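Each residue of the sequence shown is one higher than the one before, counting from 0 in numbering that gives the first Met the number 0. To start, the structure itself, in structure tokens.
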Amino acid sequence: MKKLLALLMVALMLSLCAPSGAVPSEEPTRALPIGLDVSAVHAPYLIAGGNPSTTDFLTSDDFASHSLIVINAWDHMCGPCTSEMPYFQQIHEEYSNQGVLVVGVATTWIGGTYPGDYNYFVNHNYNYMLVKLDSVMETAFSYHNFLPQTIFVSPDGVVVDEIAGSTDYTTLKNKVEAWLTAFQHDSYEVNFVDSVTGEIFETQNLVPGSVPVYPDAPVHEGYTFSGWDPATPPVIMGPTTITARYTALIYRVRFMDSITGEQISRVFVHYGESAEAPEPPEHDGYEFVCWDQDFSFVTQSMDVYTIYSPEGGFLPGDADGNGEITSADALAILRYTMGTGTIPEALLPYCDVDGNGSVTSADALAVLRIAMGL
Numbered sequence: 000m001k002k003l004l005a006l007l008m009v010a011l012m013l014s015l016c017a018p019s020g021a022v023p024s025e026e027p028t029r030a031l032p033i034g035l036d037v038s039a040v041h042a043p044y045l046i047a048g049g050n051p052s053t054t055d056f057l058t059s060d061d062f063a064s065h066s067l068i069v070i071n072a073w074d075h076m077c078g079p080c081t082s083e084m085p086y087f088q089q090i091h092e093e094y095s096n097q098g099v100l101v102v103g104v105a106t107t108w109i110g111g112t113y114p115g116d117y118n119y120f121v122n123h124n125y126n127y128m129l130v131k132l133d134s135v136m137e138t139a140f141s142y143h144n145f146l147p148q149t150i151f152v153s154p155d156g157v158v159v160d161e162i163a164g165s166t167d168y169t170t171l172k173n174k175v176e177a178w179l180t181a182f183q184h185d186s187y188e189v190n191f192v193d194s195v196t197g198e199i200f201e202t203q204n205l206v207p208g209s210v211p212v213y214p215d216a217p218v219h220e221g222y223t224f225s226g227w228d229p230a231t232p233p234v235i236m237g238p239t240t241i242t243a244r245y246t247a248l249i250y251r252v253r254f255m256d257s258i259t260g261e262q263i264s265r266v267f268v269h270y271g272e273s274a275e276a277p278e279p280p281e282h283d284g285y286e287f288v289c290w291d292q293d294f295s296f297v298t299q300s301m302d303v304y305t306i307y308s309p310e311g312g313f314l315p316g317d318a319d320g321n322g323e324i325t326s327a328d329a330l331a332i333l334r335y336t337m338g339t340g341t342i343p344e345a346l347l348p349y350c351d352v353d354g355n356g357s358v359t360s361a362d363a364l365a366v367l368r369i370a371m372g373l
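As structure tokens, then:
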């Protein structure tokens with residue numbers, strides 16, 4: 000029985016500051032209240048006996064006449080709520096002359112009453128603004144199903160920050176001072192940087208407390224866009240840099256023995272990097288000359304073949320150095336003359352079949368005739 004009572008007591012303590020019912024939200028798709036416009040607030044003051052005033056209300060006029068508005072939702076039946084209230088009183092006393100408006104929003108979410116909230120507030124000599132929860136504030140505090148909660152509102156009525164749960168004086172003070180500093184400027188530059196080029200590709204001028212809209216990221220050959228840094232658009236409090244991150248594509252490079260047709264080695268390199276070549280195999284009667292392709296700037300997967308010089312030299316027209324004259328040699332020479340293909344430097348002299356000092360389409364035709372036996 001004692002164990003059961005202890006478990007019930009723990010459950011009661013854990014649920015003490017959770018609302019008895021779900022708090023409705025008019026914007027269920029919004030993950031946080033940050034960015035929410037609460038300028039339509041019309042929350043009545045709580046006056047004697049905990050009754051709502053019929054003449055005095057918290058409105059957007061109060062927002063516009065202050066530099067920063069700190070709004071705390073609480074209930075006198077919530078222990079964490081009442082334990083942090085001295086911090087809000089201290090902020091009120093220390094920062095009201097700097098344009099900070101502190102507002103307590105009385106709720107009945109934990110089972111309290113508005114008269115109970117009012118009496119607790121007065122009996123503890125708190126004198127910052129106390130209002131009754133209205134529909135706008137209910138929406139603002141509906142994203143977390145617990146108390147206490149605190150939101151920070153700009154003069155134009157937009158939620159720019161929050162504290163979900165209880166706080167301490169240092170945290171509260173640091174946020175107040177940070178936002179007072181942020182609101183000293185009308186706008187800040189938000190620069191979007193391309194991590195591939197290092198250049199700024201877009202700049203947005205945003206008011207403090209707003210959130211940037213991420214643009215389309217630049218497209219780069221050989222790279223895939225991997226995301227933004229930071230991933231989530233930040234609330235702007237000063238000059239901000241947001242970086243587009245990329246991942247270089249990886250390509251396979253196989254080094255092949257043109258004599259045996261076997262693979263010598265295989266490497267994987269990022270786009271634009273150089274592949275490291277292996278030592279070419281030795282073959283009796285052949286001397287290694289070069290590789291058949293340039294692999295110093297890899298842009299695609301490729302097979303790179305050895306080129307060996309047979310004893311006595313290459314055959315005239317042997318554009319690939321494989322010791323045979325085929326139509327592939329004629330095609331390679333033709334592509335070279337058209338600027339759409341390459342031939343290893345060591346083999347160019349052998350492609351000048353007519354010996355006129357240059358490689359032309361006439362050489363390609365001559366090689367094709369040789370390959371066809373004409």
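Positions of the beta carbon are idealized from the N, C-alpha and C atoms, including for glycine. Nothing here was measured: the structure is a model prediction, and the numbers come from that model.
Exercise for review: Kindly indicate which residue of 286, 95, 359, 276 has the alpha-carbon position closest to the one of residue 316.
Suggested key: For the purposes of this step, residue 316 is identified with residue 317 of the sequence shown, where counting begins at 1. Out of 286, 95, 359, 276, 359 has the C-alpha closest to the C-alpha of residue 316.
Check your understanding: Would residue 130 pass as a contact of residue 43 if the rule is Cβ separation under 8 Å?
Key -> By 1-based counting over the sequence shown, the position of residue 130 is 131. By 1-based counting over the sequence shown, the position of residue 43 is 44. Closer than 8 Å, so yes.
Review point. Tell me which same chain residues have a C-beta within less than 6 Å of the C-beta of residue 132, skipping the five on either side of it?
Key: Counting from one through the sequence shown, the residue named residue 132 turns up at place 133. Result list for residue 132: 104, 106, in chain order.
Check your understanding: For residue 303, which residues of its own chain have a beta-carbon under 8 Å away from its beta-carbon, when the five flanking residues on both sides are left out?
Key -> The residue you call residue 303 lines up with position 304 of the sequence shown. The residues are 252, 253, 254, 255, 274, 276, 290, 291, 292, 294.
Point to revise | Extent of the continuous beta strand (DSSP E) run through residue 77 | key: Walking along the sequence shown from the start, residue 77 turns up at place 78. It is not in any beta strand (DSSP E) - residue 77 carries neither H nor E in the DSSP assignment.
Exercise for review: Compute the beta-carbon to beta-carbon distance between residue 114 and residue 49, rounded to the nearest angstrom, for a pair I have assumed lies under 8 Å.
Suggested key: Start at 1 with the first residue of the sequence shown, and residue 114 comes out as number 115. Start at 1 with the first residue of the sequence shown, and residue 49 comes out as number 50. Between residue 49 and residue 114 the Cβ distance is about 3 Å, and since that is below 8 Å, they are a contact.
Review point. Could you give the residue range of the alpha helix (DSSP H) that holds residue 332?
Key: Reading the sequence shown from its first residue, position 333 is the one you call residue 332. It spans 326–337 - the alpha helix (DSSP H) in which residue 332 sits, taken as one unbroken run.
Review point. Residue ranges of each beta strand (DSSP E) run of no fewer than 3 residues wholly in the segment 27–57, ordered along the chain?
Key: 42–46, 50–57
Practice item. For residue 21, name the three-state secondary structure that DSSP assigns. Key: The count along the sequence shown starts at 1 and reaches residue 21 at position 22. For residue 21, the predicted model reports a pLDDT of 35, less than 50, meaning its position is unreliable; a value from the coordinates is still stated below. In this structure, residue 21 counts as coil in the three-state DSSP scheme.
Review point. Is residue 57 closer than 8 Å to residue 151 when the C-beta atoms are compared?
Key: Walking along the sequence shown from the start, residue 151 turns up at place 152. Walking along the sequence shown from the start, residue 57 turns up at place 58. Against a cut-off of 8 Å, the Cβ pair of residue 57 and residue 151 comes out as no contact.
Review point. CA-CA distance, residue 157 and residue 74?
Key: If you number the sequence shown from 1, residue 157 lands on position 158. If you number the sequence shown from 1, residue 74 lands on position 75. Cα to Cα, residue 157 sits roughly 24 Å from residue 74.
Review point. Quick one: Cα of residue 28 to Cα of residue 232, how far?
Key: As a first step, residue 28 must be located in the sequence shown, where it is residue number 29. As a first step, residue 232 must be located in the sequence shown, where it is residue number 233. Since pLDDT at residue 28 reaches only 39, below the 50 mark, its modelled position is unreliable, and no value is offered.
Practice item. Could you have a look at residue 214 and say whether DSSP puts it in helix, strand or coil? Key: Numbered from its first residue, the sequence shown carries residue 214 at position 215. Coil, per DSSP.
Check your understanding: CB-CB under 7 Å to residue 216, same chain, minus the five flanking residues each way: which ones, in chain order?
Key -> Locating residue 216 in the sequence shown gives position 217, counting from the first residue. So the list reads 224, 243, once near-sequence residues are dropped.
Exercise for review: Could you tell me which of 82, 348, 135 sits nearest to residue 59, measuring between CA atoms?
Suggested key: For the purposes of this step, residue 59 is identified with residue 60 of the sequence shown, where counting begins at 1. Residue 135 is the option with its Cα nearest to residue 59.
Review point. Under 8 Å between C-beta atoms, does residue 120 make it to chain B?
Key: The displayed structure is made up of one protein chain only, and chain B is not part of it.
Point to revise | Beta-ladder partner(s) of residue 262, from DSSP | key: Position 263 of the sequence shown holds residue 262. Answer is 255.
**Study point:** CA-to-CA distance, residue 189 to residue 327, given in whole angstroms
**Key:** Reading the sequence shown from its first residue, position 328 is the one you call residue 327. Reading the sequence shown from its first residue, position 190 is the one you call residue 189. Answer to the nearest angstrom: the Cα atoms are 56 Å apart.
Check your understanding: Exposed or buried, which one is residue 281 when buried takes at least 16 other CB atoms within 10 Å?
Key -> Counting from 1 along the sequence shown, the entry for residue 281 is found at position 282. The residue is exposed, with fewer than 16 neighbouring Cβ atoms inside 10 Å.
Review point. Of all the options 369, 307, 41, which has the alpha carbon lying nearest to the alpha carbon of residue 329?
Key: Locating residue 329 in the sequence shown gives position 330, counting from the first residue. With distances taken between Cα atoms, residue 329 lies closest to 369.
Review point. Which ranges does the beta strand (DSSP E) cover as unbroken runs of at least 3 residues, wholly within the segment 65–137, from first to last along the chain?
Key: 67–73, 99–105, 128–131
Exercise for review: Kindly indicate which residue of 139, 160, 82 has the alpha-carbon position closest to the one of residue 123.
Suggested key: As a working note, residue 123 is residue 124 in the sequence shown. The shortest C-alpha separation from residue 123 is found at 82.
Review point. For residue 396, which residues from the same chain have a beta carbon less than 7 Å from its beta carbon, with the 5 sequence-adjacent residues on both sides left out?
Key: Within the shown structure, residues of the chain are numbered from 0 to 373, placing residue 396 beyond reach of any answer.
Point to revise | Option nearest residue 245 by Cα separation, candidates 227, 108, 141, 260 | key: Counting from 1 along the sequence shown, the entry for residue 245 is found at position 246. The option with the nearest alpha carbon to residue 245 is 227.
Point to revise | Start-to-end residues for the alpha helix (DSSP H) that takes in residue 158 | key: In the sequence shown, residue 158 corresponds to position 159, counting from 1. Segment 158–163 is the beta strand (DSSP E) holding residue 158; no alpha helix (DSSP H) there.
Review point. In whole angstroms, what is the alpha-carbon distance linking residue 356 and residue 247?
Key: Here residue 356 is taken as the residue at index 357 of the sequence shown, counted from 1. Here residue 247 is taken as the residue at index 248 of the sequence shown, counted from 1. C-alpha separation (whole angstroms): 43 Å.
Point to revise | alpha helix (DSSP H) segment containing residue 190, residue limits | key: By one-based count along the sequence shown, residue 190 stands at place 191. Careful: residue 190 lies outside any alpha helix (DSSP H), inside the beta strand (DSSP E) at 187–193.
Review point. What residue does the beta strand (DSSP E) around residue 243 start on, and which one ends it?
Key: Here residue 243 is taken as the residue at index 244 of the sequence shown, counted from 1. Start and end: 239–247.
Exercise for review: State the beta-bridge partners of residue 371 as determined by DSSP.
Suggested key: The residue you call residue 371 lines up with position 372 of the sequence shown. In the DSSP output, where bridge partners are listed per residue, residue 371 has none listed.
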